[in-house]
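First up is the structure itself, then whatever we jot down about it.
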Amino acid sequence: MIRFKAGAPRTGRPRTTSLHPDHCPLRRALARGLPPTALSAIGTGLALHVGQSLLRELRRTRTIARTAQRRLRPPPRVDGLTVAAVQLSADRGARLGGDLYEVGATEYGVRAVIGDVRGHGLGAVPTVTAVLGCFRAAAYDEPDLAGVLRRLERAMDRHLRERARAEHLSAAVGAADGHQVAEEFVTVLLLEILPDGQVRALNCGHPWPHLLSGARVEPLARADPHPPLGPFPLPAELPTVPCGRLLPGDMLVLHTDGAEDARDAGGRFFPLPEVLAAAARGAPRTPQAVLRTVLTALTRHTGGPPKDDIALMVLRNERPSPRAPSIAPESPRPITTDPHAASHQQFPA
Numbered sequence: 005m006i007r008f009k010a011g012a013p014r015t016g017r018p019r020t021t022s023l024h025p026d027h028c029p030l031r032r033a034l035a036r037g038l039p040p041t042a043l044s045a046i047g048t049g050l051a052l053h054v055g056q057s058l059l060r061e062l063r064r065t066r067t068i069a070r071t072a073q074r075r076l077r078p079p080p081r082v083d084g085l086t087v088a089a090v091q092l093s094a095d096r097g098a099r100l101g102g103d104l105y106e107v108g109a110t111e112y113g114v115r116a117v118i119g120d121v122r123g124h125g126l127g128a129v130p131t132v133t134a135v136l137g138c139f140r141a142a143a144y145d146e147p148d149l150a151g152v153l154r155r156l157e158r159a160m161d162r163h164l165r166e167r168a169r170a171e172h173l174s175a176a177v178g179a180a181d182g183h184q185v186a187e188e189f190v191t192v193l194l195l196e197i198l199p200d201g202q203v204r205a206l207n208c209g210h211p212w213p214h215l216l217s218g219a220r221v222e223p224l225a226r227a228d229p230h231p232p233l234g235p236f237p238l239p240a241e242l243p244t245v246p247c248g249r250l251l252p253g254d255m256l257v258l259h260t261d262g263a264e265d266a267r268d269a270g271g272r273f274f275p276l277p278e279v280l281a282a283a284a285r286g287a288p289r290t291p292q293a294v295l296r297t298v299l300t301a302l303t304r305h306t307g308g309p310p311k312d313d314i315a316l317m318v319l320r321n322e323r324p325s326p327r328a329p330s331i332a333p334e335s336p337r338p339i340t341t342d343p344h345a346a347s348h349q350q351f352p353a
């Protein structure tokens, strides 16, 4: 109940409030008749308290994001391959987005994945989590890439069904999220690098990587990809695409379409192959140097942060060159002293 000073005119019925004076510092101050300077100090203190609470929550959120990003980052060396990767989110301040990548050494060879979820920023993170979680299990369990891709398709289907159920419940309480689930998809590229450098791939709607061999830059393959995961089922047959060999010193540059589709102020696309050719001619020829060259050129091209999520991953074969097998000289046979074998005696050349 709001109290009025004695003699003050009352207009209408007094208002009621759920905040009792004993529960609110500002109302206690008003009830006690503190001077305006004290009220200003109390208001400033409350504002600082709220600001500090928001700052603590923001720091906690950023810490969680950094921890998740470190977990998504692949190790620097995998079974003789040096790995460097970077991800840029289109959402300002976000460290996670709609692009995904991972690489690991399995008993079937080094297997890598890179993908791009429809949409960008934090809204695409649940789909990224579903796809990456499945790959991290299937890459070590399935003996061929086709089995890994089938598992990713089933994981994507489960994720979309769960999203559809959640949106149906939201619509029932008046908070519908629209028709986004029906349109959601993810492009996926799977790579398998065998110990002898042979590379095999399966591609679902993703840009082909670039092969850097010496000063030469060319697409790893030119085969037509399958449709992205989500809107259409995979075909019954999934033959892997042979992509030649990754020789010692060669590099593979995997990327999402955010890199190729980045535009400058005049609407020109980012010339990724030309930039990679310049990186291949430069020194040192390391995955980290290639990433620095691409990111520097990309920032200059766009004149600011990216409009879409971008992921880049570079793999370099650091394995020693296979040596030709050496043929040991044939050992001379011992000279026999048996007189009966004198006619068959063989002397070393």
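Residue numbers 5 to 353, in the working numbering, belong to the letters of the sequence shown in order.
Every residue gets a Cβ at the ideal spot worked out from N, C-alpha and C, and that includes glycine.
DSSP beta-bridge partners of residue i
i                 : result
tyrosine 105      : Ile118
proline 213       : Paired residues: none, contrary to the question.
phenylalanine 236 : Leu233
methionine 160    : Answer is none; methionine 160 lacks a bridge partner.
alanine 315       : Gln91
valine 190        : Val121, Leu233
arginine 267      : Phe273
As assigned by DSSP and simplified to three states, the class of residue i
i                 : result
alanine 284       : helix
phenylalanine 273 : strand
alanine 301       : helix
proline 246       : strand
threonine 260     : coil
proline 3         : In this structure the chain extends from 5 to 353, so residue 3 is not present and cannot be described.
arginine 170      : In the sequence under discussion, the amino acid at residue 170 is alanine, which differs from the arginine named in the question. Alanine 170: helix per DSSP, three-state reduction.
leucine 195       : strand
arginine 289      : coil
alanine 205       : strand
glycine 113       : strand
proline 223       : strand
arginine 296      : helix
leucine 251       : coil
alanine 88        : strand
arginine 81       : strand
aspartate 154     : Looking at the sequence itself, residue 154 is arginine, so the reference to aspartate does not match. In the structure shown, arginine 154 sits in a helix (DSSP, three-state: H, G or I).
arginine 165      : helix
arginine 378      : With the chain covering 5 to 353 only, the question about residue 378 has no answer from this structure.
glycine 218       : coil
proline 147       : coil
glutamate 278     : helix
Presumed contact (8 Å Cβ cut-off) between residue i and residue j, rounded CB distance
i              : j             : result
alanine 263    : leucine 302   : 7 Å
methionine 160 : alanine 134   : 7 Å
alanine 315    : histidine 259 : 7 Å
histidine 172  : threonine 131 : With a Cβ gap of about 18 Å, histidine 172 and threonine 131 do not count as contacting.
asparagine 321 : leucine 224   : Asparagine 321 to leucine 224, Cβ: 13 Å. No contact.
valine 152     : leucine 194   : 6 Å
glutamate 157  : leucine 233   : 5 Å
aspartate 261  : aspartate 120 : 6 Å
leucine 276    : proline 213   : The pair is not a contact, with the Cβ atoms about 11 Å apart (cut-off 8 Å).
alanine 94     : glycine 101   : 6 Å
threonine 297  : alanine 283   : 4 Å
valine 114     : aspartate 145 : 16 Å between Cβ atoms; not a contact.
leucine 242    : alanine 168   : Contact doesn't hold; Cβ gap of about 26 Å is too wide.
Assigned exposure category for residue i - 16 Cβ within 10 Å defines buried
i                 : result
leucine 198       : exposed
alanine 240       : exposed
phenylalanine 273 : exposed
glycine 286       : exposed
phenylalanine 189 : buried
proline 147       : exposed
aspartate 312     : buried
threonine 300     : exposed
glutamate 106     : buried
aspartate 254     : buried
proline 291       : buried
alanine 128       : buried
proline 309       : exposed
arginine 81       : exposed
glutamate 166     : exposed
phenylalanine 139 : buried
glycine 209       : buried
aspartate 103     : buried
alanine 266       : buried
glutamate 196     : buried
alanine 89        : buried
valine 221        : buried
alanine 116       : buried
Residue i beta carbon near the ligand HEM (any heavy atom closer than 7 Å)
i             : result
aspartate 145 : The model on display carries no ligand, and the ligand HEM is accordingly not part of it.
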